[in-house]
Each structure stands twice: as C-alpha cells, then as structure tokens.
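For the protein sequence lines, the chains are P, D, R and V, in the order given. In terms of the working numbering, the first sequence opens at residue 3 and continues consecutively. In terms of the working numbering, the second sequence opens at residue 3 and continues consecutively. In terms of the working numbering, the third sequence opens at residue 3 and continues consecutively. In terms of the working numbering, the fourth sequence opens at residue 3 and continues consecutively. Worksheet: the structure to be examined is printed underneath.
4 protein chains.
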Amino acid sequence: MKKINVGIIGAGRIGKLHAENISAFPNVSVKTVSDLYADRLISWAEQFGISQITTDYQDILDDPEIDAVLVCAPTSLHSEIIFNAIEAKKHIFCEKPITFDLEESEKIYNRIVSANVKFQVGFNRRFDHSFSQVQKAVRKGEVGDLHLIKITSRDPAPPPASYIETSGGMFIDMSIHDFDLARYLSGSEVEEVTVTGANLIDPVFKKYGDIDTAVITLRFANGAIGVIDNSRKAAYGYDQRIEVLGSEGMVMADNVLNSTVRKSLSTQTQLDNPKYFFLERYKEAYIVELKAFFNAIIDDTDTLCSVKDGLEAERIAHAAKKALQTGEKVLMKDLTVIQ
Amino acid sequence: MKKINVGIIGAGRIGKLHAENISAFPNVSVKTVSDLYADRLISWAEQFGISQITTDYQDILDDPEIDAVLVCAPTSLHSEIIFNAIEAKKHIFCEKPITFDLEESEKIYNRIVSANVKFQVGFNRRFDHSFSQVQKAVRKGEVGDLHLIKITSRDPAPPPASYIETSGGMFIDMSIHDFDLARYLSGSEVEEVTVTGANLIDPVFKKYGDIDTAVITLRFANGAIGVIDNSRKAAYGYDQRIEVLGSEGMVMADNVLNSTVRKSLSTQTQLDNPKYFFLERYKEAYIVELKAFFNAIIDDTDTLCSVKDGLEAERIAHAAKKALQTGEKVLMKDLTVIQ
Amino acid sequence: MKKINVGIIGAGRIGKLHAENISAFPNVSVKTVSDLYADRLISWAEQFGISQITTDYQDILDDPEIDAVLVCAPTSLHSEIIFNAIEAKKHIFCEKPITFDLEESEKIYNRIVSANVKFQVGFNRRFDHSFSQVQKAVRKGEVGDLHLIKITSRDPAPPPASYIETSGGMFIDMSIHDFDLARYLSGSEVEEVTVTGANLIDPVFKKYGDIDTAVITLRFANGAIGVIDNSRKAAYGYDQRIEVLGSEGMVMADNVLNSTVRKSLSTQTQLDNPKYFFLERYKEAYIVELKAFFNAIIDDTDTLCSVKDGLEAERIAHAAKKALQTGEKVLMKDLTVIQ
Amino acid sequence: MKKINVGIIGAGRIGKLHAENISAFPNVSVKTVSDLYADRLISWAEQFGISQITTDYQDILDDPEIDAVLVCAPTSLHSEIIFNAIEAKKHIFCEKPITFDLEESEKIYNRIVSANVKFQVGFNRRFDHSFSQVQKAVRKGEVGDLHLIKITSRDPAPPPASYIETSGGMFIDMSIHDFDLARYLSGSEVEEVTVTGANLIDPVFKKYGDIDTAVITLRFANGAIGVIDNSRKAAYGYDQRIEVLGSEGMVMADNVLNSTVRKSLSTQTQLDNPKYFFLERYKEAYIVELKAFFNAIIDDTDTLCSVKDGLEAERIAHAAKKALQTGEKVLMKDLTVIQ
C-alpha cells in the first residue's frame with residue numbers, strides 16, 4: 003500500500019488533533035509540522051513521532067516527499083497557503099472557511115478546478131456516523147420528497163472576545179457548518195435566505211458587529227424549506243440535531259450523550275447531557291474525514307467535500323449576513339458580496 | 003357545590019367531544035344541544051343523558067337555567083352567536099379562531115371586556131399536561147432569560163378539499179394554535195413575523211390560495227426569537243413538540259407515543275409512532291380546558307385563555323398571511339388587516 | 003343495546019374507582035353499592051348517580067334487575083360472596099386474589115366451571131395498552147420461540163403495617179399480578195418456581211413473616227425461563243416493565259412517565275418519573291378490563307381473564323411462598339398447599 | 003515520562019486488538035509478540051510498528067527490556083505462562099478467566115500476593131464509561147442502601163461449535179464478566195448462587211454439556227439480591243444493561259446504540275440496534291483498561307481489577323455450574339470445586 007506523507011500547516015488545537023489522529027493511521031505519516039511557535043511543539047511532536055518542525059510552511063511545500071498538506075492556519079492566511087500549495091502540487095485539506103472573502107474563495111475555486119490536486123474542505127459533520135446515515139436515508143428516498151430540513155446547532159459557551167473579533171461573524175464561523183449540512187442533506191442548492199438574529203447572550207458580540215442567536219430560513223431549488231437555529235450558548239452542552247421531513251416520513255439524528263446512565267430518584271430521573279463540544283462530539287468524524295481525504299488521494303477519486311462545497315456554504319453565509327443587515331430576504335442569484 | 007348547566011351550540015366532532023367529556027363531570031351537565039341537523043343527534047344525546055336538542059341556538063340563550071354556552075359552530079357564525087350570548091348573559095367558551103376577520107374579533111374583544119361574562123378560547127394545547135409543565139418551568143425562570151422558542155406542529159394528513167376551502171388558510175386554521183403557544187411559552191408579545199411557505203403536499207392547497215408547509219419566525223418583545231414549523235402531512239402521526247432555550251438551559255416536551263412498546267429485531271428497533279391526531283393527543287387537555295372554564299365560573303376568576311389571547315393569536319395569523327403574500331417581514335405594530 | 007345493571011360489593015378505593023369508571027359507560031349502570039360503612043358513601047354515590055346504598059350485599063344478590071356484581075370486598079369475604087352470587091345467577095367480576103386459600107380457590111374454580119355465569123378476575127395489567135401489544139406480538143410469533151420473560155414490578159412505597167398484616171404476604175398480594183402476566187405473556191404454564199427473597203426495606207415486613215424484596219425465577223412448560231423482580235419501594239415511582247426475548251428478537255414495554263418534559267441544565271438532563279402508582283399507571287386498563295367484562299356478558303363469550311387464570315396465579319404464589327420457606331426449588335406438580 | 007515495553011503472548015483477536023490500541027499510546031510500545039503462528043503476523047506487525055515476532059513466549063520473558071506482558075493465549079496455557087512471567091518479574095495483564103480450574107487459580111492467587119509484580123485481569127466492562135459511572139454513583143450512596151442489582155448480558159449470536167467445546171461452559175466463558183460486574187457494582191461478596199438454565203438456542207450446547215440461556219440469582223453479603231440474565235443469542239445485537247435499585251432510587255446504564263438516528267414512517271418509528279458485539283461495544287473500555295494497567299505500573303499503585311477479583315468471579319462461575327448441575331442453591335462458603 004502506498005504510504006502518504008503529510009505536512010500540517012498550523013498546529014493550533016485542530017492542527018494538533020489531526021496530527022494525533024494520523025499517528026494511528028497505518029499508511030499515513032505526518033512528516034513535518036509548521037507553526038509560528040514551532041519551539042512550543044517539540045515535546046508534543048516527539049510524543050507523536052513527528053520528526054520535523056518548522057516556522058516556515060514553505061519548507062513543507064518544498065519537500066518532494068510530502069504528498070499532501072492540511073491547512074490549519076488562521077483563515078486570513080488560507081488563500082496564500084492554498085495558492086502556494088497548488089503550485090507545489092500538494093493535495094490540500096483545508097479547514098473551513100476557505101476564506102472570509104467571497105471573491106477570494108471564487109478565485110481559489112477557479113484555480114482548483116483546473117489544478118490536478120485533491121481539495122477537501124473540513125466540514126467534519128458530513129462524516130458523523132449518524133448524520134451520514136440520515137443523508138443516505140434521504141438520498142435513498144426513504145422519506146419521499148423533501149419538505150422540511152431542520153438543523154439545531156448550538157455551542158455550549160461563547161468563544162473568548164479575542165476570537166469573536168476575528169471570527170468573521172457567526173455565519174461564516176459557526177453557521178457555515180449548518181449551511182453545508184443543509185446542502186448535504188437536501189441534495190439541492192439554496193435559493194433564498196431569511197434571517198432573524200439577535201444579541202442576547204453577551205454584549206461583546208454586538209461590540210464586534212456580531213450576533214449570538216439566530217434563526218435562518220432557507221428555500222431550496224427542489225422546493226424544500228430549511229430552518230437552522232443557532233445559539234452561542236447552550237448551558238447543557240453542544241446541541242447538534244438534524245431532522246428531515248418528507249412526504250413519506252421523517253428521519254432525524256439526536257444528540258450523542260456523555261453516557262447511557264439514567265438515575266431515577268424521588269423527584270426526577272436524570273440523564274447525562276450531550277457531549278460537551280466539537281472535539282468530543284465529532285471525535286470519530288474527524289478521523290473519518292481524514293481517512294476519506296487520504297482514500298481520495300490513494301484511489302484518485304473526488305473528495306467527498308469539494309472546493310465547490312466550501313464555496314457554496316460561504317456564499318450562503320454571506321447571503322445570511324446580508325439578510326441580517328438589510329432585514330430582507332436575500333435571493334442567492336442576486337447575491338452581491340458585502341464588503 | 004353549585005351545578006352548572008351548559009348549552010352546546012354546534013354538535014360536530016368537537017361539540018360532541020365536549021358534551022361527552024362533560025357527561026363525566028359531577029357538577030356540570032349539558033342541558034341542551036343545538037345543531038342544524040338535530041335529528042341526527044337523538045340516540046347520541048340519549049346515550050349521554052342530554053335531554054334537549056334543538057335546531058335553534060336561541061333556545062339555549064333564552065333558557066334561564068343555562069349558565070354557559072360552548073360555541074362549536076362553524077367559525078363564520080361565531081360572531082353572531084357570541085354577541086347574542088353576551089346579550090343573554092351566558093358565559094362563553096368559544097372554539098378557535100374567534101372569527102376569520104380581525105376587525106370583527108376586535109369588536110368582540112371590546113364587547114367582552116365590558117361585559118360581565120367569562121370568555122375562554124379553545125386553545126386546548128395550553129392545557130396539555132406536558133406543555134403546561136414546560137410553561138411553568140419557563141415562567142419560574144428554570145432556563146433563565148429566553149433566547150429561542152421552537153414549536154413543531156404537523157398534522158398527520160391534509161384535511162379534505164372541502165375543509166381547506168373554508169378553513170381560512172393554514173395560519174388561521176392550524177398555526178393559530180402555535181401562535182398562541184408561542185405567546186403562552188414566551189410570556190411576551192410578538193413584534194415581528196417572517197414566513198417562508200410552500201405548497202409541497204397537494205396542489206389542492208394552491209387551488210384555494212393556501213399553503214401546506216411553512217416556517218414562521220417570530221421576534222418577541224422580550225428579545226427572544228421564536229420559530230414554528232408547520233406541515234399538513236407527517237406520515238408518522240401528529241407531531242407536536244415544543245422547546246424553549248434560555249440562558250441557563252433548555253426545556254422541551256416531546257411527542258406522546260401510542261405506547262411504550264419497543265421491538266428489537268435483527269435489523270432495527272421499532273417504537274410506536276406519536277398519537278395519530280388531536281383527538282388522541284389532546285384527549286386529556288380537552289377535559290382540563292373545560293374544567294378550567296367551569297372553575298373560572300364557579301370561583302369567579304379570570305379564564306386561563308382569554309378573549310385577548312384569542313385576538314392576539316389571530317393578529318399573528320393575519321401578520322403571517324401578509325408576510326407570506328408580500329414576501330417581507332411584517333411588524334405587528336404596522337399590521338393592516340388583509341381583506 | 004342491552005343495558006347492564008351492576009352491583010358493587012365493597013366500596014373501598016378500588017370499588018369506588020370501578021363505580022366511577024362505569025358512570026361514563028353508556029350501556030352500564032351501577033344500581034346498588036353495598037358496604038359496611040354505607041353511610042359514608044351518600045354524597046359520593048349521589049355525585050355519580052348511584053341511587054341505592056346498602057350495608058348488606060345480599061340486597062344486591064336478591065335484586066332481579068341486577069345482572070352482575072363486582073366483588074371488591076376484603077379477600078377474606080370473597081369465597082362466601084362468590085358462592086352466594088353464583089346461587090343468585092349473577093355474573094361475577096372479582097378482584098385478585100380470589101382467596102388466600104388454595105383449596106378454597108379450587109372449590110370456587112370447580113363451582114364456576116359448571117355454573118352458567120361469567121367470571122373475570124381483576125388482573126388489570128392484561129388490559130394495559132402497552133402490555134397487551136407485547137402479548138399480541140409474542141403470540142403472533144414476532145420474536146420467534148420464547149427464551150426469556152422478564153418482569154419488573156416495584157411499588158413506590160410500602161403499604162401501611164395494618165395492610166401488610168392482612169395482605170396474605172407479598173406473593174399473593176403483589177407478585178400475583180406478575181405471575182398472571184408471566185402466564186399471559188408466555189402462553190404457557192409454570193412448572194418450576196425458585197425464589198430469593200429478603201427483608202431490606204422495613205422490619206415491619208419481617209414482623210408479619212413477610213418479605214419486601216424478591217427475585218422469582220420460573221420455568222415454563224414451553225421451555226422458556228421467566229424472572230420477576232419485586233420490591234415494595236422504588237423511590238422514583240411505580241416501576242412496571244416487561245420484556246420478552248425470543249429466537250428472533252425482543253419486545254418490551256417500558257414505564258409510562260408522568261410527562262414527556264425534558265429539562266437540560268448545565269449539569270444534567272431531567273426527565274419526569276414513572277407515574278406514581280397503580281391508579282395513575284393503570285387508569286385506562288381499569289376501564290378496559292370492565293368493558294371487556296361487560297362485553298363478555300353482552301356477547302356471551304368467555305372472559306379474557308378466567309377463574310382458571312385466577313387459580314393458576316394463586317398456585318404460583320403458593321409455590322413461591324413454599325420456595326421461600328424451604329429455600330428450594332418448587333415443582334408445580336408437587337405443590338402441596340402451605341397451611 | 004517512563005516508557006513501558008510490552009510483550010504480547012498470544013496474538014488472536016484480542017491480543018491483536020490490545021497491540022493496535024497500544025500503538026496509539028505515547029508512552030508504551032509493544033516490543034515483541036509471541037504466537038504459535040508467528041509467520042501469519044508479519045505484515046500486521048509491520049503495520050503497527052512491532053519489530054519482533056516469535057513463536058516462543060519465553061523470548062519475551064527473557065528480554066530484560068520488557069516490563070510487562072499481556073497474556074492473551076488460550077486459557078489452558080494461562081497458568082504456565084503466569085508462573086513463568088512471575089519468575090521473570092514481568093507485570094501481568096491476563097485475559098479472563100485466569101484458569102478453568104479453581105485450585106489452579108487459587109495457587110496463582112497465592113503466588114501473586116507475595117510476588118512483586120502487578121496483576122490485572124481483563125474484566126473490560128469495569129472500564130466502560132457508563133458502567134463505571136453507575137458504580138461510582140452506587141459507591142457514593144446516590145441510591146442509598148442496595149436492594150437489587152440486575153445485569154442483562156446477551157451475545158448477538160452463539161459462538162462456533164469448536165469454541166463452545168473448549169470454552170469451559172457459559173458461566174466461566176461468558177457469565178464470568180457479569181459475576182465480576184455484580185461484585186464491582188455491589189461492593190460486596192456473593193454468598194449464595196441459584197441458577198435456572200436451559201438449552202433453547204442450539205442443540206450443540208447440550209452436546210458439549212453446556213447451556214445457552216440462564217437466569218442466575220445471587221445473594222450478597224450486604225443483603226442485596228442480584229439477578230443476571232444471559233443468552234447466547236439476541237438477534238438485535240449485543241445486549242448489555244445494568245441497573246441497581248437502592249433505598250433512595252435506581253441507577254442504570256442502557257445499551258449503546260449504533261447511532262442516534264430515528265426514522266418515523268407511516269407504521270412505526272425505527273431506531274438503530276445496540277452495537278453488535280464486544281469489540282464495538284467496549285472499544286473504548288479496552289483502551290481504558292490498558293491505560294489503567296500501565297498507570298498502575300508507572301505510579302506503583304494497585305491495579306483496578308486484581309487477581310482476587312479474577313479468582314472471586316471464577317468461584318462464582320464454579321458455584322453457578324454446581325447450582326445448575328445439582329438444581330439446588332449453592333452457598334459460596336460450601337463451594338467444593340466440581341471436577
């Protein structure tokens with residue numbers, strides 16, 4: 003079996019997670035990690051058998067032994083890294099969003115379609131065992147024609163102010179996963195976006211022109227209606243539920259709980275809460291998405307979450323932002339990028 | 003204990019249900035039932051110990067022994083019956099909606115506030131055991147400040163075409179229950195209404211200018227956001243769920259299933275579906291709402307679901323209709339009645 | 003439709019419940035109630051339209067207008083009442099157990115089989131909506147050949163000492179319902195009984211030679227094994243669950259909860275507890291069992307819970323008592339009544 | 003951090019699983035694997051970075067760089083391997099059961115208590131996230147004094163005939179896990195064992211003097227009663243549930259399902275079945291038990307599942323066998339080993 007060598011660009015929380023997951027893959031190895039603070043990574047890298055650390059990601063791109071890169075650097079650097087990686091003919095796995103700027107993402111899209119490298123966007127939820135089963139059931143027609151798609155997506159607690167400031171806003175930072183899921187579940191493109199948003203959790207969101215609570219309604223090309231409810235604070239944990247109603251029935255996936263323990267005491271019965279946040283909830287999905295990426299390289303097939311998927315989710319995020327700002331329904335065909 | 007005599011005006015499905023429920027109340031009796039097709043009611047009335055049947059509801063209003071009337075006639079007759087009942091100083095329980103016409107309902111509202119009779123609207127869901135527990139938990143602050151209110155309300159199958167034609171449309175016929183629940187759960191008035199609606203189930207809805215699927219987003223005066231998803235066809239049964247997210251957590255009420263039976267076979271585990279429709283699902287709630295009405299009479303207290311509650315839910319229904327027709331967000335303060 | 007007149011002998015908690023339930027049946031009426039403390043029943047009887055109260059149950063048996071009697075008196079009086087009722091040619095619904103004494107119950111059994119009256123034992127759980135669905139699935143072969151039958155049956159709190167003293171012991175008082183369910187679910191007779199019992203909840207049980215906690219294992223003629231766990235104290239409510247494992251799968255019925263409300267707070271998610279006790283849990287079953295009894299009279303069919311069913315459950319209870327006392331497995335064929 | 007070198011003796015399914023799990027531990031490495039069929043392991047070993055394979059486990063014991071061994075060979079070889087490993091001063095992780103022979107296990111027990119090596123038995127279920135939470139809740143007194151402990155443990159399908167022949171019988175092969183869980187949950191020793199067993203699934207069990215279905219009742223020194231139901235065939239998957247009833251309430255752990263997907267169609271709602279078998283169900287537990295073993299070595303603490311725990315579970319298995327054969331209750335204090 004072909005052995006794939008990987009370079010990881012950016013070793014924050016998610017970059018490290020991917021490296022650790024890869025350490026258990028028999029046919030893939032992380033050869034080099036680049037990070038501005040490379041010196042802080044020495045003992046971690048040793049522990050996971052990663053031999054090279056660098057502050058310059060170009061070292062990775064220049065290494066002919068490296069087949070693929072994982073772009074885990076801050077979003078503001080994605081565009082530059084991606085163009086350079088394409089030049090270096092490296093396959094690219096890129097965390098979401100591709101960029102904050104729709105024109106920039108479109109340029110990347112156009113470059114990728116003519117380049118001979120694999121490109122996968124880090125929409126990990128597609129690779130969740132339960133969500134992908136829902137999608138398969140929908141695609142097989144088990145619920146008939148699609149009528150309603152509902153996504154609940156709530157973080158357990160707001161991120162720190164420093165993160166909020168540079169996050170690009172809730173839609174591009176958080177809801178973008180739901181926009182991708184909506185397309186994934188419906189198998190159809192979004193045509194209309196309506197938003198009712200609010201700042202209810204912490205005034206810091208408002209300070210940075212952001213919101214923390216929203217209901218987003220979508221109309222799909224196939225006629226179905228989608229609705230997403232987002233919150234930056236669900237005190238009981240990371241709330242991730244999906245449901246699809248069709249002419250023949252409904253299929254849904256509920257939260258994954260911390261355990262199956264149930265305590266029945268005199269006044270009530272207690273269950274465990276949902277898994278706390280994305281690292282716990284999507285632990286398996288992060289592994290599955292990387293395996294899928296490496297398999298696409300090995301088998302020379304299309305990735306399961308393409309640059310097009312990344313771009314379309316971003317377009318919906320920008321439409322949602324415009325809908326929030328104007329207070330009006332936005333038709334995707336009229337979408338003009340907001341500066 | 004005081005014994006209350008009741009007259010029921012209109013003995014269709016819901017009028018009969020109320021009569022049958024009252025037959026088990028020790029301190030209330032149905033003295034007279036009026037219906038255009040009185041002759042069809044004879045054996046039914048005998049079975050439930052109802053001695054008088056008439057085709058003219060005025061017979062009920064003229065009877066000094068009758069304390070209260072249940073208005074279960076077609077909506078188009080409500081206004082006339084209510085004004086006459088007020089004249090006759092009868093307490094009034096009125097099925098929803100009060101009228102199809104907002105000005106007419108406002109007139110009734112104005113008349114009731116100065117009249118010395120009890121008036122209760124038949125929003126039965128408020129009296130559901132699980133829903134009222136959710137409301138109490140919210141009101142006690144168990145989930146903190148309100149952020150999101152979600153209501154799922156789906157009928158098992160569309161009504162017949164003849165019903166659709168005269169129903170007043172999905173919002174005033176079906177969603178009105180959800181609008182009332184939204185106010186009940188939030189304890190706040192609706193300020194904005196946005197609608198994404200569609201005709202996906204049967205073209206007959208379109209024929210009568212109606213829709214069959216909708217997502218309705220509400221913004222409340224207290225800042226919370228509400229979202230209702232409605233469908234005229236949930237193949238698996240009557241889907242009635244509510245959930246309230248607040249700063250400290252979430253409280254929800256799930257569907258009531260036909261049984262607690264669970265079959266685990268080689269390929270899957272099977273549960274029973276939700277109770278089929280409103281008569282099964284809200285069987286207890288129909289009894290509780292009547293008891294509450296009669297208690298309000300006996301104890302001379304306010305009814306738990308007032309003419310104001312009826313009027314406000316209708317106002318939201320009219321706003322939703324306008325939002326659907328214009329494709330724009332409707333501010334309740336700007337609401338002009340649609341003709 | 004034939005109207006059935008009923009006399010109720012013994013108006014304690016269960017006698018009253020039956021009377022109240024019958025008051026809502028269109029074709030049955032309670033004509034007379036007999037009770038030693040008849041004078042305490044006057045206002046109650048009036049409320050439910052019962053015209054005659056007596057201290058002497060013979061008044062009921064002598065009334066030619068009365069078709070059937072409900073025997074709700076203390077168990078120690080059952081035998082005498084039943085023989086007299088048979089003489090008077092009344093159909094008999096008898097609360098469990100028929101008697102405390104196996105020879106006495108056998109005499110009743112022998113008398114009934116040759117008498118021309120209906121006889122139904124008050125094993126209400128057979129008429130529970132979920133339990134009867136489980137039984138039907140088993141009988142239809144949905145889980146294949148039977149391997150294991152599990153019954154969990156726990157009271158929320160121990161009865162008062164005065165009750166314990168005259169209850170006949172846990173097996174004949176409480177487990178007898180489970181013995182009947184075991185026969186009902188298995189469709190087979192019990193051949194062996196093994197018991198591990200203990201006094202863990204309150205020393206008062208020991209004082210009266212009784213236990214409060216037990217695991218009872220049964221072997222059925224069809225080869226299946228049954229296991230019942232009983233407790234006189236489940237702090238969280240009345241715990242009533244059944245499950246049947248067969249060669250093709252499992253079918254079970256879980257507890258019925260007080261509501262479908264679910265609260266998710268920062269440390270845990272809370273559900274409602276099971277319905278508190280038998281009056282809440284089997285509210286519907288009490289109605290269904292009476293309807294079945296009256297239908298057996300009207301249609302002249304066998305009752306669904308015969309004198310044989312009552313006798314067999316008692317035989318298992320006596321076997322369990324013997325197994326507890328001897329510490330050994332009891333074969334039903336060797337059963338000698340314990341004095 | 004100290005690095006631990008491990009040798010694995012026996013590379014069947016479970017030996018390989020442990021080796022693969024260890025490959026992701028940063029501070030432990032599998033240096034050598036011994037197996038009779040070493041040549042079949044070459045590519046597998048390479049894939050997981052295991053450099054040495056041998057057919058002679060003594061090579062492992064002779065290697066001074068190896069700190070600990072995992073005994074995953076057939077049970078019949080355990081005793082010899084364990085005594086040799088103690089001689090070689092290796093820490094020992096031993097799959098269950100320690101031996102088939104109670105006297106032999108007692109000898110090992112006596113040898114271990116005076117030896118200066120760690121010894122852990124592979125009772126993986128203690129390390130299941132949900133089960134250990136139940137145990138902690140019980141130990142903290144959350145359900146008060148213990149009354150009933152219930153364990154359901156059913157395999158999805160019978161093992162092959164060849165396995166049955168040498169398995170030692172259902173009690174020592176399968177129920178032994180439940181006997182250990184019973185001690186773990188109760189925190190008390192078993193004093194009495196009663197068994198009702200049967201051969202219902204496949205005559206091959208009978209052929210080898212074995213059974214396939216059983217209900218085992220235990221009485222603990224603390225007064226509580228335990229009940230285990232075992233089956234070699236649950237068509238719907240691996241059924242692993244526990245529940246503990248105490249004076250203040252109940253705590254239970256339900257099955258882990260394959261997904262959280264729920265499909266509601268016109269006739270029923272479908273859930274996923276429990277995870278199929280032990281490799282899926284206890285995937286995490288296998289990792290956690292090894293981590294605990296290595297931590298006991300690193301921190302020089304007692305293992306969480308000692309040789310005493312292994313011995314006591316075996317004693318209960320032998321008592322169960324005797325109870326089955328004699329048809330009588332067995333007192334643990336009277337236990338004479340069955341030949």
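Heads up, the beta-carbon is just placed ideally off N, CA and C, and yes, glycines get one too.
- The beta carbon of Leu72(R) sits closer than 6 Å to the beta carbons of Ile10, His20, Phe95 from its chain, once the five residues preceding and following it are set aside; these are given in chain order.
- Gln122(R) is bridged by DSSP to Phe95(R).
- Contact between Ser188(P) and Phe133(P) does not hold, since their C-beta atoms are separated by about 13 Å, which reaches or exceeds 8 Å.
- Within the same chain, Ile166, Glu167 come within 6 Å of Tyr210(D) by CB-CB distance, once the 5 residues on both sides are set aside.
- For Glu194(V), the beta-bridge partners assigned by DSSP are Arg221(V), Leu333(V).
- Interface residue (Cβ-Cβ distance to chain D less than 8 Å): Arg221(P) is classified as such.
- By the criterion of at least three beta-carbon pairs nearer than 8 Å, the segment 273 to 284 of chain V is not in contact with the segment 298 to 317 of chain V.
- For the C-beta of Glu250(D), the chain P residues within less than 8 Å are, from N- to C-terminus, Ala237.
- A straight-line Cα-Cα distance of about 52 Å links Ala321(P) and Arg283(R).
- Residue contact with chain D for His131(R): present (Cβ-Cβ distance below 8 Å to some residue of chain D).
- At a cut-off of 8 Å between beta-carbon atoms, Thr328(R) makes no contact with chain V.
- Under the DSSP definition of a beta bridge, Arg264(R) partners with Met254(D), Leu273(R).
- With respect to chain P, the C-beta atom of Val32(V) has no partner C-beta closer than 8 Å.
- Residue burial is scored here from C-beta neighbours: Thr154(R) has at least 16 other C-beta atoms within 10 angstroms and is therefore classed as buried.
- Think of a sphere of 7 Å around the beta carbon of Lys152(R): the chain V residues whose beta carbon falls inside it are Asp231, in chain order.
- The residues Leu148, Phe222, Ala223, Asn224, Ala226, in chain order, have a CB closer than 8 Å to that of Ser190(R) in the same chain once the five nearest residues on each side in sequence are set aside.
- For Val145(P) against Glu250(P), the beta-carbon gap comes to about 5 Å, under 8 Å, which counts as contact.
- Nearest Cα to Gly171(D) within the set Phe129(D), Asn232(D), Arg185(D): Asn232(D).
- Interface criterion met: the Cβ of Lys331(P) is under 8 Å from a Cβ in chain D.
- Residues of the segment 258 to 288 of chain V with a C-beta atom less than 9 Å from some C-beta of chain D are Leu259, Arg264, Lys265, Ser266, Leu267, Ser268, Thr269, Gln270, Thr271, Gln272, Leu273, Asp274, Asn275, Pro276, listed in chain order.
- Its Cα nearest to that of Cys74(P), the residue Val35(P) stands out among Leu326(P), Val35(P), Glu89(P).
- Not a single C-beta of chain R is nearer than 8 Å to the C-beta of Met334(D).
- In terms of CA proximity to Ala294(V), His93(V) leads the group Gln60(V), His93(V), Leu79(V), Ser53(V).
- Looking only at Lys265(P), Ala287(P), Thr271(P), Lys235(P), the smallest Cα-Cα distance to Val258(P) is reached by Ala287(P).
- When C-alpha distances from Lys120(V) are compared across Ala70(V), Pro161(V), Ala159(V), Gly329(V), the shortest belongs to Ala70(V).
- Asp241(D) has Arg156(D) as its beta-bridge partners, per DSSP.
- Pairing Glu67(V) with Asn118(V) gives a Cβ-Cβ distance that is not under 8 Å.
- Considering only Val30(P), Asn86(P), Gly12(P), the residue with the shortest C-alpha distance to Ile289(P) is Val30(P).
- Residues of chain D with a Cβ closer than 8 Å to the Cβ of Phe50(R) are, in chain order, Pro28.
- For Val119(R), the closest Cβ of chain D is not nearer than 8 Å.
- Apart from the 5 residues on each side of it in sequence, Glu193(P) sits with its Cβ closer than 6 Å to the Cβ of Arg221, Ala223, Met334 in its chain, given in chain order.
- At a cut-off of 8 Å between beta carbons, Val253(R) contacts chain D.
- Put simply, the CB of Glu291(R) is far from chain D, with every gap to its CB atoms at 8 Å or more.
- DSSP places Ser164(D) in the uninterrupted alpha helix (DSSP H) bounded by 163 to 168.
- Residue burial is scored here from C-beta neighbours: Lys5(P) has fewer than 16 other C-beta atoms within 10 angstroms and is therefore classed as exposed.
- The three-state reading of DSSP puts Gly312(P) in helix, counting H, G and I together.
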